[in-house]
Amino acid sequence: MNNASIMQIAGQAIFLVIKLAGPMLIVALGVGILISLFQTVTQIQEMTLTFLPKVLAVGIVIFISGNWMIGQMEAFTYSIYSQIPSLIAGR
């Protein structure tokens, strides 16, 4: 196992984390901006108002894309496990 293979695996893992977390973070950001705009327009300054819509939106995203997320994690795990013999042998 050399540094190049470690860096390749780390790069793949970071890219996978970005792919999996991206949709949830984008939706939470969008909902947060919309709620903040609503609070600004109506002059309601309640901090708990933003929590429930964000949680519901992220839950819906997880429900819709959960199967895809599991598939991506499964493919990555299979890829890592299939590389174990070559990493141990040092090829």
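Position in the sequence shown counted from 1, then plus 19, gives you the numbering used here. Glycine residues also receive a C-beta, built at the ideal position from the N, C-alpha and C atoms.
Asked, Found
"Contacting residues, own chain, Cβ-Cβ under 8 Å from L43 (five flanking each side not counted)", "A small fix is needed here, since residue 43 is Met in this sequence, not Leu. Answer for M43: V77, V80, I81, listed in chain order."
"Beta-carbon proximity of I54 to P72, cut-off 8 Å", "yes"
"Distance, Q58 Cα to N86 Cα", "35 Å"
"Cβ-Cβ distance between T69 and G51 below 8 Å", "yes"
"Own chain, CB closer than 7 Å to S84, minus 5 neighbours either side, in chain order", "P42"
"From I37, V60, L75, residue whose alpha carbon lies closest to that of M92", "I37"
"Beta-carbon separation (whole angstroms), L106 vs S24, contact threshold 8 Å", "6 Å"
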